[in-house]
Amino acid sequence: MSNSYNAACGDLKTVVTSWRAVNDKDVPALNAQLASAHLTALPVASTALVLPVCAPASRPDAAAELRRGNANANNDDPDAAPDEGNDDE
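Under this note's numbering, the letters of the sequence shown match residues 29 to 117, in that order.
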């Protein structure tokens, strides 16, 4: 569960960073071009998005493994074979 949260938190952090770049740089640059063409400017968002604080993943690659659908991403032992610790089989 915490790996899924960390993956989602990391994704949100990426999106917020991208949004800030668009809002702080790209929209004003486009507005300058629109103004020179005598067109209406786009509004710049006035509410700043806050970057989430994400806990470090237990393994650096765990979030990527979860996105790829690796069921063993939650395994506590990164060196364990894929079927170790699974008593259901």
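Note that CB positions come from ideal geometry on N, CA and C, so glycine has one too. Predicted model, so just to flag it, every value in this text is computed and none were measured.
Beta-carbon proximity check, Leu-40 vs Pro-84, cutoff 7 Å: Going by C-beta atoms, Leu-40 is not nearer than 7 Å to Pro-84.
Neighbourhood of Pro-56 by C-beta distance below 7 Å, restricted to the same chain and skipping five residues each side: Around Pro-56: Val-72.
Cβ-Cβ distance between Val-44 and Leu-77 below 7 Å: The answer is yes: Cβ separation under 7 Å.
Under 7 Å between C-beta atoms of Asn-31 and Cys-82: Their beta carbons are not under 7 Å apart, which means Asn-31 does not touch Cys-82 by this criterion.
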